[in-house]
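Sequential numbering of the sequence shown, starting at 3, is according to my numbering.
All remarks here apply to the structure that follows.
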Amino acid sequence: MVIDLFIPHDPALRCIVLILALMLDAWLGEPQWLWRNLPHPVVLFGRAIGFFERHFNRRDRTGRTRRMLGVVAIIILILLAAGTGGGIMAAASIGGNALTIPVELVLVAILIAGRSLDDHTRAVAIALEGGSMKDARRAISMIVGRNPDALDAHAIARAGIETTAENLSDGVIAPALFYLLFGLPGIIAYKMINTADSMTGYKSRRYFAYGYGAARIDDLVNLIPARLTGLLIALASPAGFFGAIRVMWRDAGRHRSPNAGWPEAAMAARLGLSLAGPRLYGQRMSQDAPMNGEGRREATASDIRRSLSLMWRAIALAGLLTGMAGLAIITLTGSP
């Protein structure tokens, strides 16, 4: 009975819910009036992560102990997240599909961040087009961890495009895939892992040991979604598909992240840009290899808008493939 809560009962229905959730997210995004009155689920995840970090990641403990406790913490957090998803599914199932479908639809739409990514990245393009470096630096600081004062207009544009590519994977494709495979427990657990990595998965003195577990698990759960995202970006328009695949295959493994290089390399090839390369994070210069090194470095606001167009085409393609999978399941199983 407990296991039943963590597996999809009706994969075809799950496909339909996901397609509707992608559409709902694209339409409404994250209404500010709602989150001014209610805590966003990711905020709740952050509070839980912060609770464990404060109690487990104490400076008087050795690095080995902090690493072990970090692993314990992320395992507990994953179980809590999956258990919460299972509990919601169990409670909603009492009302049948009339309650289950709306509940899952709303929660999945909330946990998918396509429109939010578009809003934040588009703000960077608008600021650059308006000629305000102050506004552009403020906008880019909302979505990247680099020192915005060290970025010129081209570097700001590149940062926005890199964020679009990477977060298409982390914020849309990966949570969608985990929902399809494991239902609400899957998508909630994934978002918990991703949030924990974004909060503690740093190589700083404070988090290097404690955040090890969250960072490694995040790398693991994103292995397939990142590569799938790169493929979707390459497929987003017919022209240049094989060139994007070639660049992605050649350059993705050179990225400092085992996953981010796949969507970034595909996006770089699609736009004719050279992305990544040496970048300043705080006071540390990261000597990253370029993605599509033969491309131009002079990215512009227009390139940001083109990257967002590619992002939405990739999401639409993901929705189309989900619909085809749902139809195939219905055809093969006869389920409505």
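The beta-carbon is built from N, C-alpha and C at its ideal position, and this holds for glycine as well.
Selected residue, minimal CA-CA separation from residue i, among the options
i    : options                : result
Q34  : T102, R117, A92        : R117
G232 : A216, D220, N261       : N261
M250 : A291, R140, T86        : A291
V126 : F243, R315, T165, G97  : T165
G87  : D253, G188, A320       : G188
A50  : F210, E300, A198       : A198
I103 : I142, E131, T123, L186 : L186
I158 : A191, G173, H122       : H122
R69  : F210, A23, S171, L119  : F210
A216 : A129, I80, Q289, M91   : I80
A278 : L319, T64, A161, A318  : A161
A303 : D154, G242, F243, L319 : D154
D120 : A330, L36, R307        : R307
L46  : A191, I219, Q289       : A191
V174 : T335, A330, A318       : A318
Where residue i falls: helix, strand or coil (DSSP)
i    : result
A278 : strand
I104 : Checking the sequence shown, residue 104 turns out to be Pro, not Ile. Looking at P104 - three-state DSSP - the assignment turns out to be helix.
R16  : helix
P292 : strand
R298 : strand
H156 : helix
F210 : coil
R124 : helix
N59  : coil
S239 : coil
L343 : With the chain represented from 3 up to 338, any question about residue 343 goes unanswered, as that position is not in the structure.
K205 : coil
M144 : coil
P265 : helix
R117 : helix
E164 : helix
Alpha carbon of residue i to alpha carbon of residue j, nearest angstrom
i    : j    : result
L20  : R61  : 43 Å
F53  : L182 : 30 Å
L234 : V108 : 25 Å
L322 : P13  : 15 Å
G133 : A268 : 29 Å
W314 : S239 : 11 Å
Y204 : Y212 : 9 Å
M201 : R148 : 15 Å
G274 : I145 : 23 Å
L237 : P265 : 12 Å
D137 : H42  : 26 Å
N169 : A141 : 16 Å
A246 : R298 : 15 Å
R258 : D172 : 16 Å
G85  : V44  : 16 Å
G65  : F180 : 32 Å
L40  : A83  : 19 Å
F8   : D151 : Any reading at F8 must be qualified, since the residue scores a pLDDT of 47, below 50, and its modelled position is unreliable; the value itself is stated next. The alpha-carbon atoms of F8 and D151 are separated by roughly 46 Å.
L230 : A254 : 13 Å
R208 : T67  : 13 Å
Cβ-based neighbour list, residue i, same chain, cut-off 6 Å, excluding 5 preceding and 5 following
i    : result
T324 : C17, L20, I21
N294 : V249, A270, A271, S276
R256 : A291
L71  : F58
L113 : P177, I189, K193
Buried or exposed (CB count within 10 angstroms, at least 16 for buried), residue i
i    : result
V4   : Residue placement at V4 cannot be trusted, given a pLDDT of 46 that sits under 50; the coordinates are not used to answer.
N196 : buried
P177 : buried
A94  : buried
E300 : exposed
S206 : exposed
P227 : buried
S309 : buried
M326 : exposed
G263 : buried
D27  : buried
R139 : buried
V74  : exposed
A167 : buried
Cβ-heavy atom distance, residue i to the ligand NAP, below 7 Å
i    : result
H122 : The ligand NAP is not part of this structure, which contains no ligands at all.
Residues near residue i in its chain [Cβ-Cβ closer than 7 Å; skip 5 each side]
i    : result
D305 : A159, I163, L273, L275
L312 : I235, A238, M269, R272
Cutoff 8 Å; reference residue i; Cβ partners in own chain excluding five residues on either side
i   : result
G48 : T197, M201
P10 : A caution first: P10 carries a pLDDT of 47, below 50, which makes its placement in the model unreliable, though a value can still be read off. Only R16, L182, L183, F184, G185 meet the Cβ criterion.
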